[in-house]
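Okay, so here's the structure we're looking at.
Protein chains in written order, with the working numbering: chain A, 118 to 411; chain B, 118 to 411; chain C, 118 to 411; chain D, 118 to 411.
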């Protein structure tokens with residue numbers, strides 16, 4: 118049976134859950150899993166519901182029928198087909214661990230996405246990507262050609278229909294224009310526990326400050342470098358006996374996992390913007406399951 | 118404004134959420150926070166809702182009014198006053214770290230319970246307990262007097278109105294009879310990552326097996342020793358350079374926290390039995406907050 | 118048999134370990150546990166050795182006999198009696214969780230220190246402290262009386278012979294003068310994962326930035342606020358559903374443990390300054406062990 | 118300059134460190150990094166030293182010259198060339214995440230080993246392996262052909278010169294004979310926190326018991342299934358909302374990392390057997406560092 122995800126954001130008030138769940142019950146829909154959050158500080162209400170349609174109502178019926186509820190509470194809401202694989206464009210420079218990790222998760226079905234292409238300013242991963250039957254685009258970026266390079270990038274985004282851009286250790290800063298155009302649709306992995314150690318060489322900064330844990334942060338990209346809303350973070354313990362170059366090695370696993378979890382949350386419509394903060398609902402039961410590679 | 122917690126367990130079917138939330142909306146109730154879980158394997162549905170009554174409906178109105186919904190879905194359900202402080206009886210033998218930890222959390226309001234007494238088979242903590250203005254009961258347990266000791270314990274439970282017994286490193290095994298009578302109302306902390314290292318001297322067992330992490334487990338007590346439903350677990354890393362007696366020291370923090378979290382979950386009606394497993398919903402926003410001691 | 122700790126810092130060169138261990142062997146000393154670190158970047162060598170004297174050599178013999186080795190490598194070195202309990206002065210304002218935690222660890226012997234007094238700018242913990250038979254000093258601090266207050270503090274430090282000051286959530290900033298005079302002998306617990314969220318209200322800052330983990334940092338106090346060398350850090354996971362005041366509750370356990378671990382490291386002479394960074398050697402086997410309270 | 122690793126095990130007594138470090142100093146060797154452990158319970162002493170030869174002494178000189186020290190303390194000891202890449206044979210069945218992870222770490226130089234072949238009882242990963250220019254051996258195993266299959270395996274081990282066999286989710290049980298012949302040279306990853314959930318389907322067992330953390334264990338293989346000495350373990354938190362098949366997904370990252378860390382420890386001669394337990398010394402500074410793939 119087909120399942121759908123409904124995401125709702127609106128001003129918090131009495132009766133929202135009753136209206137939504139009452140509507141779904143009337144339409145013969147079965148709620149598999151539901152998460153909600155009432156932000157008492159901002160007055161915003163967030164909800165994510167996974168449901169199946171059991172009595173034959175089509176998604177069009179449901180969407181149309183929901184209009185009065187939507188209007189009554191002035192909702193921002195969307196119905197998503199759970200089977201839809203979001204189109205994702207990966208970008209990478211010279212560090213390939215996140216790319217390798219994402220390709221593997223994609224290949225075994227653990228990350229149900231469609232990778233519509235990989236863009237890189239280097240050629241290091243061309244062979245790997247092409248051998249996965251994924252289009253590889255080399256887009257060199259220099260100070261001189263930056264506008265043209267970005268135009269090329271946007272062309273690839275449009276042609277491929279990419280819904281999400283993932284900066285999997287892509288080391289070029291995107292222009293404000295792209296950040297705005299793709300707002301909420303670009304995820305970056307930064308190799309520090311933000312807001313500490315923004316900018317270049319965060320592991321070196323961490324080493325110099327003498328912290329006892331290093332971290333990684335996945336966040337939406339905004340025009341403010343390393344300041345976008347945080348989706349996921351994690352850390353690893355280090356000691357005095359490790360150097361900044363050891364951090365690079367130790368950090369790989371943390372970066373890969375933090376990025377993968379952030380993408381997982383985004384593609385399943387589990388992330389909501391709440392001002393500059395994010396609401397991230399837990400994964401639906403079963404959504405971690407994956408087929409075996411072979 | 119007064120707030121309440123509604124807990125519901127029933128067979129999973131369509132329309133439950135709509136019925137509950139519709140009812141609450143009709144009664145002028147505002148849902149602050151809601152968690153649900155649909156166990157596809159057992160077919161059971163679990164829900165916990167925190168709400169306030171905004172239009173003057175009393176808890177009696179609400180409880181009575183809910184009867185038809187309850188019947189329709191054949192629910193096991195309860196309404197709890199969020200301000201009610203559960204009456205808790207602590208039991209301890211010679212290791213006092215969990216007791217000290219719980220007394221502190223209680224004193225600063227982080228664990229909103231009423232400690233109706235402390236029972237011990239030793240006198241070590243009499244002074245500490247009495248100085249907190251909590252009744253201390255010394256109940257010696259020997260092979261010979263076990264039935265009388267247990268009768269004494271049950272008398273204390275009944276007189277004090279204890280709703281929950283917490284075995285905070287109480288080293289005597291309770292009889293099957295008490296386990297059954299107080300089923301789901303006794304929480305024990307075991308100093309291993311169950312199901313490994315049941316029974317006596319788990320740290321010694323852990324040392325001998327050469328594990329690289331030690332743990333603690335908070336569980337409901339059943340007649341089967343160390344086999345009851347698990348509420349919470351955690352671990353700490355150890356190395357070859359630590360001995361079993363070091364584990365005792367390292368384990369104290371883990372035990373204290375695991376037990377405190379399990380009690381927090383229980384007293385806020387966040388724990389549901391699902392066969393031999395537990396469903397533990399997250400804490401309601403704000404429920405961690407506590408006043409400052411002084 | 119008595120045991121001693123030898124700590125050594127010097128320029129790294131060939132033959133240091135041979136010289137030290139050869140000397141100890143000649144003196145009939147048995148090495149129980151030894152840690153060393155060669156900082157290839159700064160060229161500094163750090164070593165910590167725990168040993169027992171088995172052939173009757175006194176610590177005076179050993180210290181005197183070691184002079185040639187010390188001179189040959191231009192060492193900064195010290196011999197410490199393992200049984201010596203470092204004299205510690207605790208300072209606290211209105212949050213008492215670290216104080217409670219330290220008092221408990223001290224009481225059961227898990228932190229082998231001598232608490233020579235507790236200084237507070239409030240009266241909240243006077244009773245608790247006095248009931249532990251520890252001198253309590255109320256030293257009010259206002260803008261007007263700051264110099265006098267600090268003079269009073271230094272008087273207490275001198276009279277009590279305090280070797281270490283622990284700021285266990287003491288919310289007044291110490292003067293540069295005291296920081297310098299007591300350099301490397303004041304440990305503070307800051308309730309953030311430094312260098313993020315320095316200064317006031319770190320949990321509020323963390324909430325506003327939307328991080329997914331909160332942390333605590335124990336560091337030596339320097340004239341630069343929250344910039345001193347870090348001894349220990351740890352973090353706890355939080356979600357969108359927790360408020361800044363929930364962080365206060367969740368953070369208590371992290372703060373208490375991070376501070377206790379840092380003090381444990383310091384009093385056992387496991388912490389070395391390496392520029393602005395610290396070398397922290399692991400605890401000696403058995404040093405975690407503690408007697409049972411009673 | 119070439120660096121070497123010396124590993125020593127012997128009965129604990131006075132003067133061992135002095136003898137070893139004195140010898141190395143005499144030979145013009147510089148100690149980069151040294152770890153030792155004195156097991157007070159078993160009376161065994163363990164040491165691992167990384168050093169460079171600075172005055173021209175060859176490894177043969179050093180080894181020969183060390184004979185008297187070795188004899189004096191009746192040591193089990195070995196000198197290893199740090200540049201030597203241990204020859205490793207990987208074995209895999211149908212779950213490829215550990216294989217993928219190890220191949221990646223190997224490719225970028227993070228695991229300095231020589232993969233001399235991959236053996237599988239399936240064909241799933243033939244293409245992946247062959248594209249890495251690594252010999253792939255399909256060795257089918259049935260009840261009937263088990264002896265022949267094992268003979269084939271041992272033939273591959275001998276021909277390839279494999280020093281270590283890694284069971285990277287290889288689901289066939291090896292015979293006692295092979296376990297004994299390759300004692301201390303076969304590492305397995307088991308997908309549970311041993312000693313809990315030995316044998317088949319550990320994630321299902323974990324689900325049924327209702328634990329709150331799942332784990333993975335890397336251990337040396339012995340004739341006793343899942344009872345060999347543990348090298349490394351780690352865990353991941355799960356909730357009631359995840360099914361056993363979700364555990365499979367969540368567990369992949371834990372398994373991959375635990376296995377990689379265990380192999381890292383083994384190939385750098387950091388693991389010592391201490392009865393049925395292991396001593397695992399920390400990684401030498403810099404040993405995590407790796408080149409970039411390209």
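Note that CB positions come from ideal geometry on N, CA and C, so glycine has one too. Keep in mind it's a predicted model, so treat the numbers as computed, not measured.
| From the beta carbon of residue 349 of chain C, is the nearest beta carbon of chain A less than 7 Å away? | Indexing the third chain from 1 puts residue 349 of chain C at position 232. Yes - at least one Cβ of chain A is within 7 Å of the one on residue 349 of chain C.
| message | So residue 178 of chain B contacts chain D; which residues on that side make the cut at Cβ distance below 8 Å? | response | Here residue 178 of chain B corresponds to residue number 61 of the second chain, with the count starting at 1. The contacting residues do not exist; residue 178 of chain B stays about 33 Å from chain D at best.
| query | Roughly how many whole angstroms lie between the Cα atoms of residue 248 of chain B and residue 282 of chain B? | reply | As a first step, residue 248 of chain B is located in the second chain; it is residue number 131 there, counting from the start. As a first step, residue 282 of chain B is located in the second chain; it is residue number 165 there, counting from the start. Approximately 21 Å between the Cα atoms of the pair.
| field | Limits of the unbroken alpha helix (DSSP H) element including residue 217 of chain B | value | Working through the second chain from its first residue, we reach residue 217 of chain B at position 100. Start and end: 214-224.
| request: Taking only beta-carbon positions, decide if residue 252 of chain A is within less than 7 Å of chain D. | output: Your numbering for residue 252 of chain A matches position 135 in the first chain. Nearest CB-CB separation between residue 252 of chain A and chain D: not below the 7 Å threshold.
| Looking only at its own chain, which residues have a Cβ that is under 6 Å from the Cβ of residue 319 of chain D, when we skip the five neighbours before and after it? | As a position in the fourth chain, residue 319 of chain D is number 202, starting the count at 1. Hits under 6 Å: 308 and 309.
| message | Less than 7 Å between C-beta atoms, sequence neighbours within five positions excluded: which residues of the same chain meet that for residue 238 of chain C? | response | Your numbering for residue 238 of chain C matches position 121 in the third chain. Taken in chain order, the residues that qualify are 210, 256, 257, 258 and 289.
| residue 318 of chain C (DSSP reduced to helix, strand or coil) | Here residue 318 of chain C is taken as the residue at index 201 of the third chain, counted from 1. In the structure shown, residue 318 of chain C adopts coil according to DSSP, grouped into three states.
| query | In the segment 225-289 of chain B, which residue ranges form an unbroken beta strand (DSSP E) of at least 3 residues, counting only runs that do not cross its ends? | reply | List check, beta strand (DSSP E) in window: 230-237, 253-255 and 281-284.
| request: Taking 7 Å as the cut-off, decide whether the C-beta atoms of residue 233 of chain A and residue 204 of chain A are in contact. | output: In the first chain, the residue the question calls residue 233 of chain A occupies position 116. In the first chain, the residue the question calls residue 204 of chain A occupies position 87. Taking 7 Å as the Cβ cut-off, residue 233 of chain A and residue 204 of chain A qualify as a contacting pair.
| request: Indicate whether at least one CB of chain C lies closer than 7 Å to the CB of residue 358 of chain A. | output: As a working mapping, residue 358 of chain A is identified with position 241 in the first chain. For residue 358 of chain A, the closest Cβ of chain C is nearer than 7 Å.
| Do we get a CB-CB distance below 7 Å when we pair residue 366 of chain A with the residues of chain D? | Working through the first chain from its first residue, we reach residue 366 of chain A at position 249. Yes, residue 366 of chain A counts as interfacial toward chain D.
| request: Could you tell me whether the segment 315-331 of chain D touches the segment 355-362 of chain D, using the rule of 3 or more Cβ pairs below 8 Å? | output: They touch, by the three-pair rule.
| query | With which residues is residue 195 of chain B paired in a DSSP beta bridge? | reply | Residue 195 of chain B sits at position 78 when you count from the first residue of the second chain. According to DSSP, which records beta bridges pairwise, residue 195 of chain B is partnered with B/124.
| request: Check whether the Cβ of residue 228 of chain A lies closer than 7 Å to any Cβ atom in chain C. | output: One-based indexing of the first chain puts residue 228 of chain A at position 111. The Cβ of residue 228 of chain A sits no closer than 7 Å to any Cβ of chain C.
| Pairing CB atoms from the segment 340-349 of chain C with CB atoms from the segment 380-396 of chain A, are three or more of them under 8 Å? | No: fewer than three Cβ pairs fall under 8 Å.
| said: Under DSSP, the alpha helix (DSSP H) around residue 377 of chain A begins and ends at which residues? | reply: The sequence position of residue 377 of chain A within the first chain is 260, counting from 1. 361-384 is the span of the alpha helix (DSSP H), which, as asked, contains residue 377 of chain A.
| Considering only residues of the same chain and omitting the five flanking positions on each side of residue 340 of chain B, which have a CB-CB separation below 6 Å? | In the second chain, counting from the first residue as 1, residue 340 of chain B sits at position 223. Excluding positions up to five away in sequence, the list reads 293 and 296.
| query | With 7 Å set as the bound, which would you pick, yes or no: does the beta-carbon of residue 264 of chain A sit closer than that to a beta-carbon of chain C? | reply | The residue labelled residue 264 of chain A in the question sits at position 147 within the first chain. False, the Cβ-Cβ gap to chain C never drops below 7 Å.
| task | Please state whether DSSP places residue 173 of chain B in a helix, a strand or coil. | result | For the purposes of this step, residue 173 of chain B is identified with residue 56 of the second chain, where counting begins at 1. Coil at residue 173 of chain B, not helix or strand.
| task | Measure the Cβ-Cβ separation of residue 222 of chain A and residue 400 of chain A and say whether it is below 7 Å. | result | Position 105 of the first chain, counted from the first residue, corresponds to residue 222 of chain A. Position 283 of the first chain, counted from the first residue, corresponds to residue 400 of chain A. Here residue 222 of chain A is not near residue 400 of chain A, since their CB atoms are 7 Å or more apart.
| C-beta atoms of residue 165 of chain D and residue 398 of chain D nearer than 7 Å | Position 48 of the fourth chain, counted from the start, is the residue given in the question as residue 165 of chain D. Position 281 of the fourth chain, counted from the start, is the residue given in the question as residue 398 of chain D. Yes. Within cutoff.
| query | Would a check of beta-carbon distances place residue 370 of chain A closer than 7 Å to chain D? | reply | Taking the first chain and counting its residues from 1, the one referred to as residue 370 of chain A is at position 253. It does; some Cβ of chain D falls within 7 Å.
| What is the DSSP secondary structure of residue 356 of chain B, counted as helix, strand or coil? | Here residue 356 of chain B refers to the residue found at position 239 of the second chain. Looking at residue 356 of chain B - three-state DSSP - the assignment turns out to be coil, as it is neither helix nor strand.
| query | Which bits of chain A does residue 399 of chain D rub up against, with CB to CB less than 7 Å? | reply | As a working note, residue 399 of chain D is residue 282 in the fourth chain. By Cβ distance, chain A contributes 358.
| message | Please tell me whether residue 312 of chain D has its Cβ less than 7 Å away from any Cβ of chain B. | response | For the purposes of this step, residue 312 of chain D is identified with residue 195 of the fourth chain, where counting begins at 1. Residue contact with chain B for residue 312 of chain D: present (Cβ-Cβ distance below 7 Å to some residue of chain B).
| field | Per-residue burial, residue 139 of chain A [other beta carbons within 10 Å of its own, 16 or more giving buried] | value | In the first chain, the residue the question calls residue 139 of chain A occupies position 22. Buried, since its Cβ has 16 or more Cβ neighbours within 10 Å.
| field | Length of the line joining the Cα atoms of residue 410 of chain D and residue 167 of chain D | value | Locating residue 410 of chain D in the fourth chain gives position 293, where the first residue counts as 1. Locating residue 167 of chain D in the fourth chain gives position 50, where the first residue counts as 1. Here residue 410 of chain D scores only 38 on pLDDT, less than 50, and its place in the model is too uncertain to base an answer on.
| Hey, quick one: how far does the alpha helix (DSSP H) through residue 140 of chain C stretch, first residue to last? | Locating residue 140 of chain C in the third chain gives position 23, counting from the first residue. That run of the alpha helix (DSSP H) goes 133-143.
| request: Answer with yes or no whether the minimum CB distance from residue 321 of chain D to chain B is below 7 Å. | output: Along the fourth chain, one-based indexing puts residue 321 of chain D at 204. Interface with chain B (7 Å Cβ-Cβ cutoff): residue 321 of chain D is excluded.
| message | Quick test of your reading: residue 473 of chain D and residue 219 of chain D, contact by CB under 8 Å. State the CB separation rounded to the nearest angstrom. | response | The requested residue 473 of chain D is not part of the displayed model; chain D covers only 118 to 411.
| task | Check each candidate in C/225, C/351, C/161 and C/381 and name the one with the smallest Cα separation from residue 368 of chain C. | result | Here residue 368 of chain C corresponds to residue number 251 of the third chain, with the count starting at 1. Residue C/351 is the option with its Cα nearest to residue 368 of chain C.
| message | Would you call the segment 192-200 of chain C in contact with the segment 331-340 of chain B, where contact means no fewer than 3 C-beta pairs closer than 8 Å? | response | Taking one beta carbon from each stretch, the segment 192-200 of chain C and the segment 331-340 of chain B have fewer than 3 pairs nearer than 8 Å; the two do not touch.
| said: According to DSSP, simplified to helix, strand and coil, what is residue 329 of chain D? | reply: Against the fourth chain, residue 329 of chain D aligns to sequence position 212. When DSSP states are grouped into helix, strand and coil, residue 329 of chain D belongs to the coil group.
| query | Shorter than 7 Å from the beta carbon of residue 234 of chain D to some beta carbon of chain B? | reply | If you number the fourth chain from 1, residue 234 of chain D lands on position 117. Residue 234 of chain D does not count as touching chain B.
| query | Secondary structure at residue 130 of chain D, three-state DSSP: helix, strand or coil? | reply | The residue given as residue 130 of chain D occupies position 13 in the fourth chain. If DSSP states are grouped into helix, strand and coil, residue 130 of chain D belongs with coil.
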